[in-house]
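In this note's numbering, the protein residues as written are 84 to 544. Note that CB positions come from ideal geometry on N, CA and C, so glycine has one too.
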């Protein structure tokens with residue numbers, strides 16, 4: 084009797100025990116804590132930018148200060164390729180653990196910066212925190228994608244609510260404590276200690292899904308079927324023993340399934356020849372040029388249009404809080420009706436809202452904009468990765484797919500907000516900036532519609 088090895092059986096030898104389970108939902112909580120503490124701090128950068136402009140770095144232009152947040156965003160996505168390779172190679176703990184500790188260390192280093200010192204602020208907040216976030220960012224999504232199938236979009240949306248709630252919490256802390264007796268240094272340290280606690284707990288909760296590996300015992304031709312057997316052992320998905328890029332294959336009740344070409348990991352050249360995949364990651368680049376602009380400037384915009392400082396300090400928090408619903412409701416709908424079917428209208432509405440911001444000149448209208456844009460911008464962020472993963476139902480190339488998808492978003496995040504700041508100019512021509520940012524999101528919706536058309540034709544063949 085000959086034993087078929089795991090390397091011969093490929094993806095057909097793997098299937099999930101459950102869609103999530105206790106292990107999966109613990110991983111969701113762990114990933115949520117990372118999102119809350121790390122990416123939440125990033126989305127609260129608008130509060131830092133307002134404080135830097137008014138008190139800490141008044142000699143520097145708004146565009147120069149915006150480079151701190153943009154660099155952090157760029158590194159978050161650009162280094163996703165490294166995180167993706169480590170994820171597919173079974174080394175995701177190295178990426179998540181090392182990256183999160185670097186993030187916490189850099190956060191504490193930010194508290195040592197002095198007024199007028201742009202370079203230390205840029206190196207600690209822009210580069211150090213950005214690199215740490217970049218290593219950890221993609222595996223946090225990839226692991227959750229491996230835990231879930233039917234509820235994948237919802238699970239991936241839930242973890243991104245940590246970003247919104249973290250942005251809300253950290254922006255409130257920063258806005259309210261910077262100008263108290265605590266000052267800049269201890270306000271940053273308080274935030275850093277909160278982040279460190281979340282990071283430690285998140286590392287303890289995160290784990291890979293456990294799957295069953297089937298090894299079929301193949302009998303010689305003269306052996307009866309009674310001598311046939313299937314042996315099952317447990318191994319972690321994506322571990323070095325399991326091979327690079329092994330993924331869970333859904334079992335419909337049969338004991339042994341033949342592997343197919345669709346189950347095999349795609350190479351990077353194959354991915355880049357897929358028109359739907361190219362359209363989706365191109366849409367991510369174009370949307371990324373304008374997506375974060377309102378978040379970075381909403382407080383400055385409101386103050387210039389007569390909003391009181393007390394209300395302006397809450398706008399970014401309102402935007403982040405409404406993003407909690409934007410990162411769950413659309414994702415729940417996406418599991419029912421399809422990711423692109425939900426992603427396209429959400430992106431188009433977000434683009435229209437940004438253009439409408441130019442007409443918001445009263446405190447009430449600016450508050451309404453913050454509520455609505457937080458919802459739809461949150462959906463753009465939370466649906467991007469599920470849309471990318473949906474093209475690969477067996478998640479055989481999750482690390483590669485997500486890693487490549489991070490690159491264009493990273494470049495867009497690096498240059499998008501500074502470009503908009505330059506377009507606005509020193510005399511604050513807000514219509515120019517909101518027109519640029521809104522047009523990018525509308526163009527992104529057009530590319531997503533093209534991807535939907537390609538996928539529909541592919542499925543109806």
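request  = Check each candidate in 255, 211, 226 and 517 and name the one with the smallest Cα separation from residue 170.
outcome  = The residue labelled residue 170 in the question sits at position 87 within the chain shown. Looking only at 255, 211, 226 and 517, the smallest Cα-Cα distance to residue 170 is reached by 226.
query = By the 10 Å Cβ neighbour count, where 16 or more other Cβ atoms means buried, how is residue 475 classified, buried or exposed?
reply = On the chain shown, position 392 is the one that residue 475 refers to. Taking a 10 Å sphere around the C-beta of residue 475, we find 16 or more other C-beta atoms and assign the residue as buried.
request  = Rank 109, 521, 534 and 540 by C-alpha distance to the C-alpha of residue 290 and give the top, closest one.
outcome  = Walking along the chain shown from the start, residue 290 turns up at place 207. Closest by alpha carbon: 109.
ask   = CA-CA distance, residue 129 and residue 490?
value = In the chain shown, the residue the question calls residue 129 occupies position 46. In the chain shown, the residue the question calls residue 490 occupies position 407. Cα-Cα distance, rounded: 23 Å.
query = Which partner residues does residue 106 have in the DSSP bridge list?
reply = Looking up residue 106 in the chain shown gives position 23. Under the DSSP definition of a beta bridge, residue 106 lacks any partner.
key: Buried/exposed call for residue 267, threshold 16 Cβ in 10 Å   = In the chain shown, residue 267 corresponds to position 184, counting from 1. Around the beta-carbon of residue 267, 16 or more other beta-carbon atoms lie within 10 Å, marking it buried.
task = Look up residue 544 in the DSSP assignment and say whether it is helix, strand or coil.
result = Taking the first residue of the chain shown as position 1, residue 544 is located at position 461. Coil at residue 544, not helix or strand.
message = Is it the case that the region 209-227 contacts the region 166-181, given that we only count it when at least three CB pairs across the two stretches are under 8 Å?
response = With the cut-off at 8 Å, the region 166-181 and the region 209-227 touch.
Start-end ranges of the alpha helix (DSSP H) lying completely within the region 145-206, minimum 4 residues = The qualifying runs are 145-161, 163-171, 175-193 and 201-204.
ask   = Hey, out of 488, 523 and 487, whose CA is closest to residue 502's CA?
value = What you label residue 502 is simply residue 419 of the chain shown in a count that begins at 1. Distances from the CA of residue 502 to each of 488, 523 and 487 were compared; the closest alpha carbon is that of 523.
key: Pairwise C-alpha distance: residue 504 and residue 437   = Translated into positions along the chain shown, residue 437 becomes position 354. Translated into positions along the chain shown, residue 504 becomes position 421. Looking at the two C-alpha atoms, the distance is approximately 15 Å.
key: For residue 121, the first and last residue of its enclosing alpha helix (DSSP H)   = Residue 121 sits at position 38 when you count from the first residue of the chain shown. In the DSSP assignment, residue 121 falls outside any alpha helix (DSSP H) and carries neither an H nor an E.
request  = Tell me, to the nearest whole angstrom, how far the beta carbon of residue 249 is from that of residue 381; I am working on the premise that it is less than 8 Å.
outcome  = Locating residue 249 in the chain shown gives position 166, counting from the first residue. Locating residue 381 in the chain shown gives position 298, counting from the first residue. The pair is not a contact, with the Cβ atoms about 17 Å apart (cut-off 8 Å).
query = What is the DSSP secondary structure of residue 356, counted as helix, strand or coil?
reply = Locating residue 356 in the chain shown gives position 273, where the first residue counts as 1. The answer is coil: DSSP assigns residue 356 none of H, G, I, E or B.
query = Is the beta carbon of residue 247 less than 7 Å from the beta carbon of residue 212?
reply = Against the chain shown, residue 247 aligns to sequence position 164. Against the chain shown, residue 212 aligns to sequence position 129. Cβ distance not < 7 Å, so residue 247 and residue 212 don't count as in contact.
task = Can you grab the Cα-Cα spacing for the pair residue 292 / residue 172, in whole Å?
result = As a first step, residue 292 must be located in the chain shown, where it is residue number 209. As a first step, residue 172 must be located in the chain shown, where it is residue number 89. Near 15 Å, if we compare the C-alpha coordinates of residue 172 and residue 292.
key: Alpha-carbon to alpha-carbon, residue 139 and residue 270   = The residue labelled residue 270 in the question sits at position 187 within the chain shown. The residue labelled residue 139 in the question sits at position 56 within the chain shown. The alpha-carbon separation between residue 270 and residue 139 amounts to approximately 14 Å.
query = Under the criterion of a Cβ to heavy atom distance below 6 Å, does residue 230 qualify as lining the ligand ADP?
reply = You won't find the ligand ADP in this model; it holds no ligand whatsoever.
request  = Within its chain, find whatever has a CB closer than 7 Å to the CB of residue 199; leave out the 5 residues flanking it on each side and keep chain order.
outcome  = Here residue 199 is taken as the residue at index 116 of the chain shown, counted from 1. Non-local C-beta neighbours of residue 199 in its own chain, meaning closer than 7 Å and more than five positions away in sequence, comprise 140 and 142, ordered along the chain.
message = What ranges does the beta strand (DSSP E) occupy inside the region 447-522, keeping only unbroken runs of at least 3 residues that lie completely in it?
response = Qualifying beta strand (DSSP E) stretches: none in this window.
inquiry  = Can you find the residues in the same chain that come closer than 8 Å, C-beta to C-beta, to residue 422, ignoring five residues on each side of it along the sequence?
reply    = Start at 1 with the first residue of the chain shown, and residue 422 comes out as number 339. Once the five neighbours on either side are set aside, the close Cβ partners of residue 422 are 236, 466, 469, 470 and 473.
ask   = Quick one: is residue 393 buried, meaning 16 or more other Cβ sit within 10 Å of its Cβ, or exposed?
value = Against the chain shown, residue 393 aligns to sequence position 310. So residue 393 ends up on the exposed side.
task = Taking only the alpha-carbon atoms, compute the straight-line gap between residue 161 and residue 526 and give it to the nearest angstrom.
result = For the purposes of this step, residue 161 is taken as the residue at position 78 of the chain shown. For the purposes of this step, residue 526 is taken as the residue at position 443 of the chain shown. Residue 161 and residue 526: Cα-Cα distance of roughly 22 Å.
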